Amino acid sequence: MSAAHLAATADTAGSTVRRTGTIDVVVPVHNEERALVASVLTVLDHLATLPFPSRVTIADNASTDLTTR
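Structural data, given as structure tokens:
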């Protein structure tokens, strides 16, 4: 789905309604201490190119390394 499609404008009874929302990205992780920072930075870089507010949530699945730090 393109950014243009997500920001579609609809004409409702003669008025223009702009539909927007927040893009939520959930990144599930387990022992990703070495790769997590680079991965999240890649996601954030991409989200920054979109015309919508966004949020990234890291969901740790009981990592035993330093993922949560």
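The sequence shown begins at 1 in the working numbering and counts up one residue at a time.
We put the beta carbon where it would ideally sit given N, CA and C, even for glycine.
The structure presented is a predicted model; accordingly, all values stated were derived computationally and were not measured.
Would you grab the beta carbon distance between residue i and residue j for me? Rounded to a whole angstrom, and I think it's under 8 Å.
i: Asn31; j: Ser63; result: 5 Å
Let's see if you can read the secondary structure: which residues bound the alpha helix (DSSP H) around residue i?
i: Asp45; result: Leu36 to Leu47
Kindly indicate the opening and closing residues of the beta strand (DSSP E) around residue i.
i: Ala59; result: Ser54 to Asp60
i: Pro28; result: Ile23 to Val29
Run the CB neighbour count on residue i, radius 10 Å, all protein chains shown included, and call it buried at 16 or more, exposed below.
i: Leu36; result: buried
i: Met1; result: Low per-residue confidence applies at Met1: pLDDT is 46, beneath 50, and the placement is therefore not dependable enough to give any value.
For a quick check, are the C-beta atoms of residue i and residue j less than 8 Å apart?
i: Val40; j: Val26; result: no
i: Val99; j: Thr67; result: Residue coverage of the chain in this structure runs from 1 to 69, which leaves residue 99 outside it and unanswerable.
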